[in-house]
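Read the structure below first, then the notes.
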Amino acid sequence: MALEPGLAGAGVRRGRLDSPLVNRPARLVVLVSGSGTNLQALLDACADPSYGARVVAVGADRDGIEGLARADRAGIPTFTRSVTDFETREGWDAALATVVERFEPDVVVSAGFMKLLSTDFLEKFLTLNTHPALCPAFPGMHGPRDALEHGVKVTGATLFVVDAGVDTGPIVAQVPVEVAEDDDVESLHERIKTAERAMLVEAVGRIARDGITVDGRRVRIGGRDR
Numbered sequence: 001m002a003l004e005p006g007l008a009g010a011g012v013r014r015g016r017l018d019s020p021l022v023n024r025p026a027r028l029v030v031l032v033s034g035s036g037t038n039l040q041a042l043l044d045a046c047a048d049p050s051y052g053a054r055v056v057a058v059g060a061d062r063d064g065i066e067g068l069a070r071a072d073r074a075g076i077p078t079f080t081r082s083v084t085d086f087e088t089r090e091g092w093d094a095a096l097a098t099v100v101e102r103f104e105p106d107v108v109v110s111a112g113f114m115k116l117l118s119t120d121f122l123e124k125f126l127t128l129n130t131h132p133a134l135c136p137a138f139p140g141m142h143g144p145r146d147a148l149e150h151g152v153k154v155t156g157a158t159l160f161v162v163d164a165g166v167d168t169g170p171i172v173a174q175v176p177v178e179v180a181e182d183d184d185v186e187s188l189h190e191r192i193k194t195a196e197r198a199m200l201v202e203a204v205g206r207i208a209r210d211g212i213t214v215d216g217r218r219v220r221i222g223g224r225d226r
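Take 1 as the starting number for the sequence shown in full-length UniProt numbering and just add one per residue.
Next up, the structure:
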């Protein structure tokens, strides 16, 4: 699948990438569940017209979180779809997809969004997520803790295209983070998050400017394998 640059509301398209985005910034919908530090990093980057993207909406699975407040302060439209407001998980997922689709995103960024997305949602939208480990190592909720317990000397962060698994999608970018002798879970996780934000901003900008193609597990940004 490929993001075909220059087409408003194009979303995910099949075929090969053949030209960079030139007509408009890429449209980002960002999904959050908490404080929204990754969202803020993207908002700050998007303030530069040369970045090539803009956040057109921010969605959440619960009200009253700082991530939504960040969007409000930036003048970005927001929406909330809580699972508890729907009789079925399928109903929630369909409602989320419907509201996301209204904003015609080129890319959906899951920035600390703590809900799994259905295959139907992922077939509609190219969706990116980060994980605080070097995938495929240490998937799940406790990447930094698991890395420490395993005794690795280097861990890091991964940006990937979301698929039906848990942190199993095709890898877009990775950044290493050394494990210090005196690290605990909190100190290691904080350094990973700092590296993760920089990686996310750099990769999303490149995708916005140059496009992305996903062929099986191979990801190309601007025509180069990653």
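Beta carbons are placed, not taken as given, at the ideal position from N, Cα and C, and that holds for glycine. Predicted, not measured: the structure shown is a model, and the values here were computed from it.
When secondary structure is reduced to three states using DSSP, ALA180 falls in the coil class, being assigned neither helix nor strand.
Using a 10 angstroms sphere on the CB of MET141, the tally of other CB atoms stays under 16, which defines it as exposed.
Residue nearest to ASP184 within the set ASP215, ARG102, VAL152, ASP163 is VAL152 (criterion: CA-CA distance). Between the alpha carbons of ARG145 and ASN23 lies a gap of roughly 44 Å. For GLY59, the enclosing beta strand (DSSP E) covers residues 53-60. Judged by DSSP in its simplified three-state form, LEU159 adopts strand. With a cutoff of 8 Å on beta-carbon distance, LEU42 and VAL204 are scored as near each other. With respect to the C-alpha of ARG217, the residue from SER187, GLY36, PRO170 having the closest C-alpha is PRO170. Contact annotation, MET114 with ASP61: C-beta distance approximately 7 Å; criterion of less than 8 Å satisfied. Per DSSP, the continuous beta strand (DSSP E) segment holding LEU128 begins and ends at 127-131.
A Cβ-Cβ separation of about 7 Å places GLY59 in contact with VAL29 under the 8 Å criterion. Rounded to the nearest angstrom, the gap between the Cα atoms of GLY34 and ARG70 is 11 Å. Assignment of ARG89 by DSSP, reduced to helix, strand and coil, places it in the helix class.
Under the three-state reduction of DSSP, SER50 is assigned to helix.
The three-state secondary structure of VAL99, taken from DSSP, is helix. The bridge partners DSSP lists for SER110 are LEU31, ASN129. Comparing alpha carbon positions, the residue from VAL166, ASP215, GLY211, GLY156 closest to ARG191 is GLY156. For ARG54 against ARG73, the beta-carbon gap comes to about 16 Å, at or over 8 Å, which does not count as contact. Across the structure, THR130 and MET199 are spaced so that their CA atoms are roughly 9 Å apart.
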